[in-house]
Amino acid sequence: MTLMQGCALLVVIGAPELANLTSTVANPMTDLQRKLFVYILGARFYFAFCFYRSRLSRFPEQRWQRSTIS
742 MTLMQGCALL VVIGAPELAN LTSTVANPMT DLQRKLFVYI LGARFYFAFC FYRSRLSRFP
802 EQRWQRSTIS
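For the sequence shown, my numbering assigns the number 811 to the last residue and increments by one with no breaks.
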């Protein structure tokens, strides 16, 4: 559930800016392979940010669950 919440927050706040930056970099390029590379790089950055953010948030959640169960 945390992954959904974290990524939803990133979609609302960061995804439009990331898409705008990616388009700004990719649009002047005429080579389609370079454009595709820029878009894939942006998608990878987005995925990595969401993935590692969700991994980092698991530790405090597990600690909180253990403290509320005990």
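Even for Gly, the Cβ is constructed at its ideal location relative to N, Cα and C.
Secondary structure of residue i, DSSP reduced to three states
i	result
Asn851	Any property of residue 851 remains undetermined from this structure, which presents the chain solely from 742 to 811.
Gly755	coil
Pro769	coil
Beta-carbon gap between residue i and residue j smaller than 8 Å
i	j	result
Leu759	Tyr787	yes
Selection from the options that minimises the alpha carbon distance to residue i
i	options	result
Val812	Thr765, Arg794 and Gln806	In the structure as shown, the chain begins at 742 and stops at 811. Residue 812 is therefore absent and cannot be evaluated.
Report yes or no: do three or more beta-carbon pairs, one from the segment 789-808 and one from the segment 769-779, lie closer than 8 Å?
Contact between the segment 789-808 and the segment 769-779 is not established, with fewer than three Cβ pairs separated by less than 8 Å.
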